[in-house]
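S.K.:
Numbering (the working numbering), first residue to last: 277 to 498.
(1) Go through the segment 387 to 417 residue by residue and report every complete run of the alpha helix (DSSP H) that reaches 4 residues or more, in order.
(2) Buried or exposed for residue 494, going by 16 or more other Cβ atoms inside 10 Å?
(3) Should residue 481 and residue 371 be called a contact, given that it needs their Cβ atoms to be closer than 8 Å?
(4) Throw me the rounded Cβ distance for the residue 310 and residue 330 pair, which I believe falls under 8 Å.
(5) Anyone know if the C-beta pair for residue 502 and residue 400 falls short of 8 Å?
(6) Please identify the residue among 430, 454, 479, 421 whose C-alpha is closest to the C-alpha of residue 407.
(7) Evaluate contact between the segment 439 to 455 and the segment 297 to 314, counting only Cβ atoms and requiring at least three cross-stretch pairs below 8 Å.
(8) Suppose contacts are defined by Cβ-Cβ distances below 8 Å. Is residue 414 in contact with residue 425 by that definition?
(9) Taking all protein chains shown into account, do 16 or more other C-beta atoms lie within 10 angstroms of the C-beta of residue 287, making it buried, or fewer, making it exposed?
(10) How would you write the range of the alpha helix (DSSP H) that residue 448 sits in, first residue to last?
(11) Compute the beta-carbon to beta-carbon distance between residue 294 and residue 470, rounded to the nearest angstrom, for a pair I have assumed lies under 8 Å.
(12) Label residue 276 either buried or exposed according to how many other C-beta atoms from any shown protein chain fall within 10 Å of its C-beta, with 16 as the threshold for buried.
(13) For residue 474, which residues in the same chain have their Cβ closer than 6 Å to its Cβ, ignoring the five residues on either side in sequence?
(14) Drop a sphere of 10 angstroms on the beta-carbon of residue 359, count the other beta-carbons inside from all chains shown, and report buried for 16 or more, exposed for fewer.
(15) Enumerate in chain order the residues of its own chain whose CB-to-CB distance from residue 454 is below 6 Å, with the five nearest sequence positions on each side excluded.
(16) Identify every residue that forms a DSSP beta bridge with residue 484.
(17) What first and last residue would you give for the alpha helix (DSSP H) that runs through residue 431?
(18) Could you spell out where the beta strand (DSSP E) holding residue 441 opens and where it closes?
(19) Please determine, among 404, 351, 361, the residue with the shortest C-alpha to C-alpha distance to residue 391.
(20) Considering only their Cβ atoms, is the gap separating residue 381 from residue 432 smaller than 8 Å?
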């Protein structure tokens, strides 16, 4: 079947930001006098939409703020870096532009908020390349559930069998695969503990965007 759609994850896949999110989570707790538990990131639930992660923090640490106040504080903290310092991964822009030049549909499927996705991709000059963005603010069940990808496919008017996905995390690859999409895993240092699982589960695996570009050309005309 002819491929007509390519969907990208955001954090860790298109932009180098996963370490920032870890720091924000730690600062969020220490500013409230809460010691950061060693298993904090191990125990964040698998369906980690933006809303679900905020609910997890509220419940685990008995926070007085509601879920939306927590989400807004995270957005404010991360916003500075998304507006000023976070860059696209090397060669990502070239691949995105090649995809659009080939008249393929381009989607975004991220657990992050719509607001932050728009901010960072606009600053890096690629927001307008995307035809549809499926974000964690719109989805009740996040990755590894397929909902965020199914919503993106619906918004794009695309079929899973005619699509490709790119993900850097195990939960992300699981979500895309569960949606029935041929999935590329891409290396990110923050996901090192899951690299072997990602390699085994993904349909293909690349260390960088140069490799990804070459591998995609085997399936689509770029």
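Even glycine gets a Cβ: it sits at the ideal position worked out from N, Cα and C. A quick note: this is a predicted structure, and the numbers were derived from the prediction, not measured.
M.R.: In this structure, then:
(1) Considered as a whole, the segment 387 to 417 harbours 390 to 399 as its complete alpha helix (DSSP H) runs of no fewer than 4 residues, in chain order.
(2) For the purposes of this step, residue 494 is identified with residue 218 of the chain shown, where counting begins at 1. Exposed.
(3) By one-based count along the chain shown, residue 481 stands at place 205. By one-based count along the chain shown, residue 371 stands at place 95. Contact flag unset, no.
(4) To locate residue 310, count along the chain shown from 1; it is residue 34. To locate residue 330, count along the chain shown from 1; it is residue 54. Incorrect: roughly 15 Å between the Cβ atoms, too far for contact.
(5) It is not possible to answer for residue 502, since the shown part of the chain is limited to 277 through 498.
(6) On the chain shown, residue 407 is found 131 positions in, with the first residue counted as 1. Measuring from the Cα of residue 407, the nearest candidate turns out to be 430.
(7) Flag = no, the segment 439 to 455 and the segment 297 to 314 do not touch.
(8) Here residue 414 is taken as the residue at index 138 of the chain shown, counted from 1. Here residue 425 is taken as the residue at index 149 of the chain shown, counted from 1. No, these two residues do not count as a Cβ contact at 8 Å.
(9) Sequence index remark: in the chain shown, residue 287 carries index 11 (1-based). Under this definition residue 287 is a buried residue.
(10) The residue given as residue 448 occupies position 172 in the chain shown. Secondary structure note for residue 448: its alpha helix (DSSP H) is the uninterrupted segment 446 to 454.
(11) Numbered from 1 along the chain shown, position 18 holds the residue referred to as residue 294. Numbered from 1 along the chain shown, position 194 holds the residue referred to as residue 470. At roughly 12 Å, the Cβ-Cβ gap does not stay under 8 Å, so residue 294 and residue 470 are not in contact.
(12) A query on residue 276 cannot be resolved here, the shown segment of the chain reaching from 277 to 498 and no further.
(13) Mapped onto the chain shown, residue 474 falls at position 198. Closer than 6 Å at Cβ, skipping near neighbours: 446, 449, 461.
(14) Numbered from 1 along the chain shown, position 83 holds the residue referred to as residue 359. Exposed is the call here.
(15) The residue labelled residue 454 in the question sits at position 178 within the chain shown. Its chain contains 422 as the residues whose beta carbon lies nearer than 6 Å to that of residue 454, once the 5 sequence neighbours on both sides are disregarded; these appear in chain order.
(16) Walking along the chain shown from the start, residue 484 turns up at place 208. Answer is none; residue 484 lacks a bridge partner.
(17) On the chain shown, residue 431 is found 155 positions in, with the first residue counted as 1. Where residue 431 is concerned, the enclosing alpha helix (DSSP H) starts and stops at 423 to 432.
(18) Start at 1 with the first residue of the chain shown, and residue 441 comes out as number 165. If you look at residue 441, you'll find it in the beta strand (DSSP E) that goes 439 to 443.
(19) As a working note, residue 391 is residue 115 in the chain shown. When 404, 351, 361 are compared, the shortest CA-CA separation from residue 391 is found for 351.
(20) Translated into the one-based positions of the chain shown, residue 432 becomes position 156. Translated into the one-based positions of the chain shown, residue 381 becomes position 105. Yes, these two residues count as a Cβ contact at 8 Å.
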